[in-house]
Structures are given as structure tokens and as C-alpha cells.
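*Asks:*
Numbering (our numbering), first residue to last: 18 to 234.
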């Protein structure tokens, strides 16, 4: 096993274990707005981005290949997978986004769009792109990151003072469903173009509701 593959095993475990006390401290000390922003900055800048940069550099892999490579020759199957990636977008749009369109301040959607673009891009590259490209066996390429991705959302769910649409269980189970779906698509296609787009849109809808409930109400 290469060193960069070991980094892909250690980093998500560290995220799951260390982010719980970090989330509790930041949201407990600085509140739901500053605390939530701070915990995401730690998540992105301390864990995800350094690991992505390290793995890409050590492997010599061109980052564009995460979005252009396609492991499927069957166009029909490829189309089905790409369409399935957008199921969470539809669900989140109807359940969370549509009910707040007429009541949430415009600033809610600007902030949500920025958050979604950053988080969706980083998470798909980290949790799906790296594993589907640098591991061949389904256990490491799909099952391991999917489980850890789901567990990481427990830390988010424990943020002090935060209100989650549908409750904590809905947040974690929703993340688990998206991890299972997007992870499977990335594993089969070796491509994260459409899962990234779907992730960004889903995050935009979900973050709009979260920001409105916690920062503007």
C-alpha cells in the first residue's frame, strides 16, 4: 500500500474522531453562526484539502481526470447513473428549499450558494474521487469512505444550538443515503462530474434551509 493510500485511511478516521470535540467546542463557544463557519473551515483546511493535495501530488494524478475519466462504455448505463445522482437534489429541493423561497432573505441564498460550491466540490473530490481512483477493491474504494462519510455527519449533527430540518436522525440518514448513492456511482464510473454537480445543488437547497433556520429566524 502506498503512503498516499494510507493517508486516505487515516484522514477520514481522524475527521470522525477529532471533529466531534472540535464541533462541540466551536459551536458552544462562538454560537451557531461563527461556530458553524469555523468548524467548516477546520474541516476543509485542516483535513480535506491537505489530504487531497498530498494524494494528488504523490500519485502524480491529473486532477482533471476525476471529472473526465469514465469506466463505463455502455452509454445507457452511464446515463442512468448520472440521472440517479440527482435524486437527493429533487428530494431536498421539495422538502427543504421550496417551503422557504418566499420567506427567507435573499442573503440566505447567496451564503448557501457559496457554501454549497465550496463544500460540494471538496467533499466529492475527497470522499468519492480519491477513493474510487486510488483503490480497486470495493471495500476501500466504496464501503470504507461511505461509512466514514456518514459517521462524519454525526459531528455536524451534534453542533450546539443548531436546528436541523427533520431532526438529527434525518440529517445523518440523509447523508448516509447520499454517500451510498454517490459513492456507488463514483465507484462504477470512476468519474465525479455529475455527483459533484448533484452534491452542490443538494447542499445549496439544504444549506438554504439550515442557514435560514439558524441564522435568520
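C-beta: ideal position from N, C-alpha, C; glycine also. Since we're looking at a predicted model, the values are computed, not measured.
Look up residue 120 in the DSSP assignment and say whether it is helix, strand or coil.
*Replies:* On the chain shown, residue 120 is found 103 positions in, with the first residue counted as 1. Three-state DSSP puts residue 120 in coil, outside helix and strand.
*Asks:* Where does residue 151 sit, in a helix, a strand or coil, going by DSSP?
*Replies:* Taking the first residue of the chain shown as 1, we reach residue 151 at position 134. It is helical.
*Asks:* Between the alpha carbons of residue 55 and residue 95, how many angstroms are there, rounded?
*Replies:* Within the chain shown, residue 55 is the residue found at index 38, counting from 1. Within the chain shown, residue 95 is the residue found at index 78, counting from 1. Cα-Cα distance, rounded: 38 Å.
*Asks:* What residue range is occupied by the uninterrupted alpha helix (DSSP H) comprising residue 4?
*Replies:* Nothing can be reported for residue 4: it is not among the residues displayed for the chain, which extend from 18 to 234.
*Asks:* Three Cβ pairs or more, each shorter than 8 Å: is that satisfied between the stretch 143-159 and the stretch 202-219?
*Replies:* yes
*Asks:* Would a C-beta distance cut-off of 8 Å place residue 106 and residue 218 closer than the cut-off?
*Replies:* One-based indexing of the chain shown puts residue 106 at position 89. One-based indexing of the chain shown puts residue 218 at position 201. Closer than 8 Å, so yes.
*Asks:* Measure the alpha-carbon distance for residue 102 versus residue 166 and round it to whole angstroms.
*Replies:* Sequence index remark: in the chain shown, residue 102 carries index 85 (1-based). Sequence index remark: in the chain shown, residue 166 carries index 149 (1-based). So the two alpha carbons sit approximately 17 Å from each other.
*Asks:* If residue 207 and residue 87 are in contact, beta carbons under 8 Å, what's the gap, nearest whole angstrom?
*Replies:* Counted from its first residue, the chain shown places residue 207 at position 190. Counted from its first residue, the chain shown places residue 87 at position 70. Their Cβ separation, rounded to whole angstroms, is 7 Å, which keeps residue 207 and residue 87 in contact under 8 Å.
*Asks:* Below 6 Å CB to CB, which residues in the same chain sit around residue 180 once its five sequence neighbours on both sides are set aside?
*Replies:* Numbered from 1 along the chain shown, position 163 holds the residue referred to as residue 180. If we look at residue 180 and ignore the five residues flanking it on each side, its Cβ neighbours are 230 and 231.
*Asks:* Three or more C-beta pairs closer than 8 Å, one from the stretch 186-201 and one from the stretch 68-75: is that the case here?
*Replies:* Segment contact: the stretch 186-201 against the stretch 68-75, fewer than three CB-CB distances shorter than 8 Å; contact not assigned.
*Asks:* Helix, strand or coil for residue 227, going by three-state DSSP, please let me know.
*Replies:* Working through the chain shown from its first residue, we reach residue 227 at position 210. If DSSP states are grouped into helix, strand and coil, residue 227 belongs with the helices.
*Asks:* Which of the three DSSP states, helix, strand or coil, is assigned to residue 186?
*Replies:* Counting from one through the chain shown, the residue named residue 186 turns up at place 169. When secondary structure is reduced to three states using DSSP, residue 186 falls in the helix class.
*Asks:* Just the Cα atoms here: how many angstroms apart are residue 228 and residue 176?
*Replies:* Indexing the chain shown from 1 puts residue 228 at position 211. Indexing the chain shown from 1 puts residue 176 at position 159. Between residue 228 and residue 176, the C-alpha separation is close to 14 Å.
*Asks:* CB residue 223 to CB residue 109, shorter than 8 Å?
*Replies:* On the chain shown, position 206 is the one that residue 223 refers to. On the chain shown, position 92 is the one that residue 109 refers to. Against a cut-off of 8 Å, the Cβ pair of residue 109 and residue 223 comes out as a contact.
*Asks:* On a Cα-Cα basis, can you pick out the residue from 225, 20 and 122 that is closest to residue 134?
*Replies:* Within the chain shown, numbered from 1, the residue matching residue 134 stands at position 117. Answer by Cα proximity: 225.
*Asks:* Would you mind sorting residue 67 into buried or exposed? The rule is 16 or more other CB atoms within 10 Å of its CB.
*Replies:* Your numbering for residue 67 matches position 50 in the chain shown. That one is exposed.
*Asks:* Assuming the contact rule is C-beta atoms closer than 8 Å, residue 214 and residue 84 should be a hit. Round their C-beta distance to whole Å, please.
*Replies:* For the purposes of this step, residue 214 is taken as the residue at position 197 of the chain shown. For the purposes of this step, residue 84 is taken as the residue at position 67 of the chain shown. In this structure, residue 214 and residue 84 do not form a Cβ contact; the two beta carbons are roughly 10 Å apart against a cut-off of 8 Å.
*Asks:* To the nearest whole angstrom, what separates the beta carbons of residue 46 and residue 53, a pair I think is in contact under 8 Å?
*Replies:* Sequence index remark: in the chain shown, residue 46 carries index 29 (1-based). Sequence index remark: in the chain shown, residue 53 carries index 36 (1-based). Contact flag wrong, Cβ pair sits at about 12 Å.
*Asks:* Do you know whose CA, among 29, 199, 89 and 168, lies nearest residue 69's CA?
*Replies:* Position 52 of the chain shown holds residue 69. Closest by alpha carbon: 29.
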